[in-house]
Structures are given as structure tokens and as C-alpha cells.
Amino acid sequence: MSYESMNKNELAELGINRFLFSDIVPTKEDKDELINQLKDKYNKDKLVDFLENNNERYFAVVDNEHREYDTEVHKPYRADVGSAGYDFRTPVSINLKPNDSILIWTDIKAVMPDNEVLKVYIRSSLATKLGLTLTNNVGIIDSTYANNPDNDGNIGISLTNNTNKTVRISANERLAQGIFVNYKTIDNDTANGDRIGGFGSSGK
């Protein structure tokens, strides 16, 4: 029997459906334990391949040296099982004047596999009800941005107020949502550089 032919109840008994049917990323200890448990019981070649090659994807607080605010940080999370986006919250309260822009540091970094990108979009309620937009329309967070020496991957969200009224956003209010997306490269891609900078440095 291969894991592909097993139903969710059978997977649940083995404790692995939380990896195959959710966003939880297995640690190395999880992988080793599961592989040992399945070693003699199932034809597990593809399962082992999945566990051993599943790259990590998670949010983390940047190191203290690169934090912008001395406030509680909330890691992004999805509102429900059908949500594609992870909600980012502002660590501080802000007052955004008419036609002005502000860069808010989340003090959060995103770690992901090399072939993924995190796309950041404005929350629809901020756009439709308050007239706010992302200054760059869509934020692009590359996998190499995490852990860079300039800011440890601190994700910044730039908002623009397109109205004639000052907009106040309270601390811990949801600002934007991030969606992890796979991307493809061309067959003869020659990119071989290493990122050495932080915010906006990939264009240097």
C-alpha cells in the first residue's frame, strides 16, 4: 500500500495528515520519526521523498538588532481554512495624512523554499472603506530576502492615503495579506548572484 492510496483516516492514525493536508511544516525530527515509523509497514518511497525534500515555510520575528519597534509582534496567520492570504498586522498605531505615504515595518520575516515568492496585497477593507493602497501596488518578498544582513528580512509595508482625510490605523490592526506563490524560471536561466542587502536591494 502506498500513502497515495491511503485515506485521511489512515493517514491520521499515522500522524502525517497534518503535514499532507495542512500548512504545518514538518521539522527534521518529525521527518525522521515518521520515516522510522513507516519504514517497515508501507511502500513509502514517495512519502519519504516528500518528507525529506519538503523545504521550510514559516514566519518568524526578526532578531532584536533589526526590530524597529519595542512592541508585541503577531505573526501572520490565516483567518480560516479557505483563506489564501496570511494577515499582517501593524505593530504600532499610525496617522496617515491625506495623499501621504508611510512605511511600516512588521518586524516579521518570511522563510520559504527557493522557488517561491510571497506576494503582499492590501486588505480589501482598507482599500474600499478607507481609500488606502500599497504604494507599490503589490509587494514582492523573495526567498533570499529572509536573513539578509541589512535587516534580517524585516518585511516593510508601504501605505498611501488616497483621500483628503487623515486615516488612523490602530496597533494590531490588519494591514495586508501575504500569499505564497510558486514561480517558474526559463530553461537557460543564469541567475547566480547572492543577495547581500535588504529592502529594495535586489534592484541594485
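Here our numbering is used: the first residue of the sequence shown is 1270, the next is one more, and so on.
Beta carbons: idealized from backbone N, C-alpha and C, even for Gly.
Keep in mind the model is a prediction, meaning the values are calculated, not measured.
Are V1386 and V1450 closer than 8 angstroms when you measure CB to CB?
-> In this structure, V1450 lies closer than 8 angstroms to V1386 by Cβ.
When the distance is taken between beta carbons, is I1448 closer than 8 angstroms to G1351?
-> One thing to note: G1351 has its Cβ no nearer than 8 angstroms to the Cβ of I1448.
Name the two residues that bound the continuous alpha helix (DSSP H) containing K1398.
-> K1398 -> alpha helix (DSSP H) spans 1393-1399.
DSSP beta-bridge partners for T1454?
-> In the DSSP secondary-structure assignment, T1454 is not bridged to any residue.
Residue interval of the beta strand (DSSP E) (run including G1425) = Unbroken beta strand (DSSP E) run through G1425: 1425-1430.
In DSSP terms, what L1365 is bridged to = Looking at the DSSP output, L1365 bridges to V1436.
Excluding sequence positions up to five away, which residues of its chain have a Cβ less than 8 angstroms from the Cβ of Y1338?
-> Within its own chain, the residues whose Cβ lies closer than 8 angstroms to the Cβ of Y1338, once the five positions on either side in sequence are excluded, are P1360, V1361, W1374, D1376, listed in chain order.
To which residues of the same chain is D1458 closer than 7 angstroms at the C-beta, ignoring the five residues directly before and after it?
-> Closer than 7 angstroms at Cβ, skipping near neighbours: no residue.
What is the DSSP secondary structure of T1359, reduced to helix, strand or coil?
-> In this structure, T1359 counts as coil in the three-state DSSP scheme.
Among N1406, V1342, I1455, I1424, the one whose alpha carbon lies nearest that of T1413 = Nearest of N1406, V1342, I1455, I1424 to T1413, Cα basis: I1424.
DSSP beta-bridge partners for Y1390?
-> Looking at the DSSP assignment, Y1390 forms a beta bridge with Q1446.
8 angstroms CB neighbourhood of K1344 in its chain, flanking five on each side removed | So the qualifying residues of the chain are F1328, A1329, V1330, I1377.
Residues bridged to A1460 by DSSP?
-> Paired residue(s): none; A1460 is not in a bridge.
Give the straight-line distance between the Cα atoms of N1312 and F1357, rounded to the nearest whole angstrom.
-> Since pLDDT at N1312 reaches only 48, below the 50 mark, its modelled position is unreliable, and no value is offered.
Hey, A1415 and G1422 are a contact pair by Cβ (cut 8 angstroms); roughly how many whole angstroms apart?
-> For a cut-off of 8 angstroms, the C-beta gap from A1415 to G1422 is around 4 angstroms, short enough to register as a contact.
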